[in-house]
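> So that we are looking at the same thing, I have put the structure below in structure tokens.
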Amino acid sequence: LLAAPAIVEALYKNKRTRMSTADRLIELCARNGVHLDGIPSFEAHVEAIQGQLIPEPTDEPLPSDLAFAECIADDDDEDPIDRDPVEGTETLKEKFKPLSFRIREMTSSEKIRLALVGDAAARALLVRDVNKQVAFSAISSPSMGENEAAAIAHSKEVSEDIIRYIGNRKEWTKSYEVKRALVFNPKCPVGVSLRFLTHLRPNDLKALSRSRGVPNPVKTAAKQRLDKKASN
Numbered sequence: 032l033l034a035a036p037a038i039v040e041a042l043y044k045n046k047r048t049r050m051s052t053a054d055r056l057i058e059l060c061a062r063n064g065v066h067l068d069g070i071p072s073f074e075a076h077v078e079a080i081q082g083q084l085i086p087e088p089t090d091e092p093l094p095s096d097l098a099f100a101e102c103i104a105d106d107d108d109e110d111p112i113d114r115d116p117v118e119g120t121e122t123l124k125e126k127f128k129p130l131s132f133r134i135r136e137m138t139s140s141e142k143i144r145l146a147l148v149g150d151a152a153a154r155a156l157l158v159r160d161v162n163k164q165v166a167f168s169a170i171s172s173p174s175m176g177e178n179e180a181a182a183i184a185h186s187k188e189v190s191e192d193i194i195r196y197i198g199n200r201k202e203w204t205k206s207y208e209v210k211r212a213l214v215f216n217p218k219c220p221v222g223v224s225l226r227f228l229t230h231l232r233p234n235d236l237k238a239l240s241r242s243r244g245v246p247n248p249v250k251t252a253a254k255q256r257l258d259k260k261a262s263n
């Protein structure tokens, strides 16, 4: 296996591979100095299992293997979060509460792998995790799509670093919805917001200039652009 990293990567990404097996594969490669370039979260997973007791192989799956398998059994692209467009508050949809509970019970390494092999609903929950490595594993997952990124860009519950990451992904910020969501998010770094003001429509510039939820430099810049457009 050590001579064929691509096989290890394929096993890791295969949803049928037990979680305990995935942990052993990562530990084996790390111990022998083999870096798995095809797994974006490889280093995060290695760090997550430091000091962790890796179980020996067994004929039957462990309870934790079965619990992990349950989380990837469904392929659900629905956003698990309901957002109040006025208050900006977020509520977990009832049908996703069991998934949220199972994720909370997971180890960091399980969350990191779930970010790669799980569905959009799992990624939407993991990107809000307090563990930065877990959150970044979710937002940087190759499966993360533009529509998911747009929904996350609206969120006030994700970290500023996640918002910055979205703002720096050119393939996502081609979308007007992503740009708009970012500039209206109070957690968006001012420098990122200012980059997108030139792309905003007049009605959105007007709303931004009156918003109480964004930094003053962003409001001021939006008003200046409106005034400039009016004078032309």
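Numbered continuously in our numbering, the sequence shown closes out at residue 263. Heads up, the beta-carbon is just placed ideally off N, CA and C, and yes, glycines get one too. This structure is a prediction, so every number in the text was calculated from the model and none was measured.
Check whether the region 194-211 and the region 165-173 touch, using three or more Cβ-Cβ pairs below 8 Å as the test.
Taking 8 Å as the limit for Cβ pairs, the verdict is that the region 165-173 does touch the region 194-211.
> In terms of residue numbering, what span does the beta strand (DSSP E) encompassing T251 cover?
Where T251 is concerned, there is no enclosing beta strand (DSSP E), although the alpha helix (DSSP H) it sits in stretches over N247 to S262.
> G149: buried (16+ other C-beta within 10 angstroms of its C-beta) or exposed?
G149 is buried by the Cβ-count criterion.
> What residue from V249, Y43 and V117 has the CA that sits closest to S72's CA?
Ranking V249, Y43 and V117 by Cα distance to S72 puts Y43 first.
> Let's test the definition: count the other Cβ atoms within 10 Å of the Cβ of T204 and tell me whether it reaches 16, buried, or not, exposed.
So T204 ends up on the buried side.
> Tell me whether R159 sits in a helix, a strand or coil according to DSSP, three-state version.
Looking at R159 - three-state DSSP - the assignment turns out to be coil, as it is neither helix nor strand.
> Counting pairs of beta carbons, one from the region 140-158 and one from the region 172-186, are three or more of them closer than 8 Å?
The region 140-158 is in contact with the region 172-186.
> Taking only the alpha-carbon atoms, compute the straight-line gap between Q83 and S51 and give it to the nearest angstrom.
Going by the C-alpha atoms only, they are around 12 Å apart.
> Can A61 and Q164 be called in contact, C-beta distance under 9 Å?
No; because the gap between Cβ atoms is not below 9 Å, this pair is not in contact.
> For T252 versus V209, is the C-beta distance shorter than 9 Å?
A quick correction: the sequence has Ala, not Thr, at residue 252. For A252 and V209, no; Cβs fall outside 9 Å.
> How long is the line joining the alpha carbons of A53 and Q81, rounded to whole angstroms?
Near 14 Å, if we compare the C-alpha coordinates of Q81 and A53.
> With DSSP as the reference, identify every bridge partner of E121, one or two as the case may be.
E121 is bridged to R114.
> Buried or exposed: which applies to K142, given that a residue is buried once 16 or more other Cβ atoms fall within 10 Å of its Cβ?
Result: buried.
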